[in-house]
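Have a look at the structure below before the remarks.
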Amino acid sequence: MAFEAFDKKTHVMMARCRAQCLNQFYVFGSENNCFDDGECWMCWDSCSLVYKRYKAWAPLCNNKHLCFPGCQEACNFRRLHSNYTETTKNMDVHPMPPLKYSYRKADDAIHFDWSVSETKQIRGKPLVYVLLILDQLTSNWQQLTQTFYTNVTMRRGLLKLSSKLQLTAYSPNGQVGQIEQWCSDFDFHSENSRETLRDEGYLEDSARQRHQGDVSLELENHRSQWMPVLQALRHSTKHLGGIDAVLSWSRVSYDADIRYEVQWKRTEQALDITGQLTTYNNVGVVTLWPNSIYQVSVRAFVFGSLRPVAESKTLIVDTATHTSGSRPLIETCSGCISPQYIIGVGLSIATIFIISIFMAVRVIKRVCSQWLSSNTTPKTSTSVSSKSGKKQSLSNRHASVKKQLSALSARISQDSRSSTAKHDRLVEEEDPSTVFEKRSDNDCNI
71 MAFEAFDKKT HVMMARCRAQ CLNQFYVFGS ENNCFDDGEC WMCWDSCSLV
121 YKRYKAWAPL CNNKHLCFPG CQEACNFRRL HSNYTETTKN MDVHPMPPLK
171 YSYRKADDAI HFDWSVSETK QIRGKPLVYV LLILDQLTSN WQQLTQTFYT
221 NVTMRRGLLK LSSKLQLTAY SPNGQVGQIE QWCSDFDFHS ENSRETLRDE
271 GYLEDSARQR HQGDVSLELE NHRSQWMPVL QALRHSTKHL GGIDAVLSWS
321 RVSYDADIRY EVQWKRTEQA LDITGQLTTY NNVGVVTLWP NSIYQVSVRA
371 FVFGSLRPVA ESKTLIVDTA THTSGSRPLI ETCSGCISPQ YIIGVGLSIA
421 TIFIISIFMA VRVIKRVCSQ WLSSNTTPKT STSVSSKSGK KQSLSNRHAS
471 VKKQLSALSA RISQDSRSST AKHDRLVEEE DPSTVFEKRS DNDCNI
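Numbering (the numbering used here), first residue to last: 71 to 516.
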C-alpha cells in the first residue's frame, strides 16, 4: 500500500466516522471482524467516500434504494459532523503505552502491537487507529493505514532512523489516545527484539497468577512443532471477488483458555497491513485477494497477556492456484444461466447481425445499380435516335436537293434546246464579241 499524504481535516473525521461504523455494526470481542459483515464493511468504505468526495456522493446518500444501512450510517455521520473537530467536549485524551514490536528476520519485517488505556468513556467500545509516519527530510506526515486492529506489520526498509511514528486512537466522539516514537528508539536488527513484547506491567492480576510458572513454554519450540494447514481455497460467497482460505491448526496445550490470532499479509506489497482473525477454535476462514501470495501464521494467547505463549511457522498461500468452487456471481444465483451458454448465444447473435448487415449492403448496392442503369439507358437511346434522325433528315435533304438540281438542270437543257432557233439573232446581237466588232467597224468607218 502506498503512502497517502495526511490531511488532518479529512482523515481525522474519516476515522471518527469509521469508529461510528464499528459501534453500530460490530460486536466488540466477537470472533468476526468488521469486514466479515457486509453493512459494517460498506459503512467503513463509505466514510472514505463521503469525506473525500462528498459532492460526488451526496446524491447517493439521498437514494435509499442504492445506499443501504451501512452507507446511510456514514452519510448520517457526515451530515451531523460536516465541520472538522478532532475532539468533542468532555473527552479525555490519554497517552498510550509505548509501541511493542518484534523483528521477523525471515521476512525482514517489523511487527508492531499496541494498546490503549481503558476509561469509562471507551471501555468495551472498538476504536479506530490512525498510523502516521514523518520523515525529517520532507517534514510531512504520511498516513500508513487506518485500522481497527491493534497491530500492523511493515517492511523494515520503509522505516528510517530519521522517521517518526505517530499512532492515534479515535472514537466516534474524537481522539482518545496518542503516542509518538522515533524509529531510532527501536532496535530493528536485534533477533531478540521479540522479548520487548513481554511487559508484565500490563497483565491483570488474575492473568499474572496463571501466567507465573507456566510461561516456560518455549516459543521457538512451538514454532518448530506446528504450522497452519490450508484445507481449501474457494471463491468467496460473502465478499465479491475475494478468495476464502479455510485454515486449521493444532491446539496448544495450556491450563488456561487459549485465544488464537490468525494473521496474514501480502508479501508483494511495499507496506504489509496485517489482517487478523481472532477465535477460540482451531479452524478459521479468512478472505484474501485473488492472484496474490500471502504469509499466514497463528499465535496463541492467554487472557490478559500481550505476549503470545505459542506461535506457528509461516504458511505461504498462493491464491492464484488451486481455487475451487464457482465464482460468486454464478454461485449466489441459483437460477442463472452458465456463462458458456451466454457467450455462445452472444457470439451467434453477433454473427447473425454481421451477416444481415452484409446482405443488406449487397441488396442496397444492387438496387442502386439497377436504378442508375434504368435512368441512364433512355437518355442514351434518345440521344442515339436523335443523332440518327438528324443524319437521316440531312441525307433526305441532300437527296431532295440533288433531285431538284437534276430536275432543274434537265429543264434548263430542254429549254435551251427548244429556244435556240428563236433566240439565235438575239444571242448574236447580244454577243459582246460581235457587238464589239460591229462597233469597231463603225468607229473605223467614222
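Backbone N, C-alpha and C fix where the C-beta goes; we use that ideal spot for every residue, glycine too. Treat the numbers as computed from the prediction; the structure is a model and nothing was measured.
Euclidean distance between Cα positions of VAL222 and SER185: 12 Å
Run of the alpha helix (DSSP H) containing THR80, from where it starts to where it stops: 78-95
In whole angstroms, give me the CA-to-CA distance for TRP359 and ILE427. 44 Å
Beta-carbon gap between LEU534 and GLY354 smaller than 7 Å: In the structure as shown, the chain starts at 71 and stops at 516, and residue 534 therefore has no counterpart that could be examined.
With a threshold of 8 Å on Cβ separation, who are the neighbours of SER382 within its own chain once the five nearest residues in sequence on each side are excluded? HIS292, ARG293, TRP296, MET297, PRO298, TRP319, SER367, VAL368, ARG369
With a floor of 4 residues, list each alpha helix (DSSP H) that falls wholly inside the stretch 141-222, ordered by position along the chain. none
In chain order, what residues of the same chain have a beta carbon less than 6 Å from the beta carbon of THR389, not counting five sequence neighbours either side? ILE313, LEU358, PRO360, SER362
Rounded straight-line distance, which links the Cα of GLY247 to that of PRO167: 9 Å
Could you pull the start and end residues of the beta strand (DSSP E) that ASP388 belongs to? 385-388
Where does PHE105 sit, in a helix, a strand or coil, going by DSSP? helix
Which of the three DSSP states is assigned to GLY345 in this structure? strand
In whole angstroms, what separates the C-alpha of ASN153 from that of ASP162? 20 Å
Is the stretch 86-95 in contact with the stretch 104-115, if contact means three or more CB pairs nearer than 8 Å? yes
With a threshold of 8 Å, are at least 3 pairs of Cβ atoms found where one atom belongs to the stretch 194-204 and the other to the stretch 81-88? yes
Any heavy atom of the ligand PLP closer than 6 Å to the CB of LYS122? Within the structure as shown, the ligand PLP is missing, as the structure has no ligands at all.
Would ILE203 pass as a contact of SER241 if the rule is Cβ separation under 7 Å? no
Would you mind giving the Cβ-Cβ distance between THR80 and TYR121, rounded to the nearest angstrom? I have them listed as a contact below 8 Å. 5 Å
Counting only the same chain and skipping the five closest in sequence on each side, list residues whose C-beta sits under 8 Å from that of VAL356. ASP314, ALA315, LEU317, VAL332, TRP334, GLY345, LEU347, VAL366
PHE371 bridges to which residues according to DSSP? ARG329
Answer yes or no: do VAL387 and TYR350 have a C-beta to C-beta separation smaller than 7 Å? no
CA nearest to the CA of THR189, picked from HIS181, PHE182, PRO165, TYR173: PRO165
Could you check which residue in PHE371, SER233, TRP127 has the C-alpha nearest to that of ASP205? SER233
Judging by CA-CA distance, which residue of ALA477, PHE76, ILE422 is the nearest neighbour of GLN236? PHE76
Identity of the residue in GLU143, ARG148, PHE105, ALA128 nearest VAL82 by Cα: ARG148
Within 10 angstroms of its Cβ, does THR391 collect 16 or more other Cβ (buried), or is it exposed? exposed
On the criterion of 16 or more Cβ atoms from any shown chain inside 10 Å, does VAL431 qualify as buried, or is it exposed? exposed
List the DSSP bridge partners of ILE363. ASP388
If you compare alpha carbons, which of CYS131, PHE256, GLN142, TRP114 is closest to ILE180? PHE256
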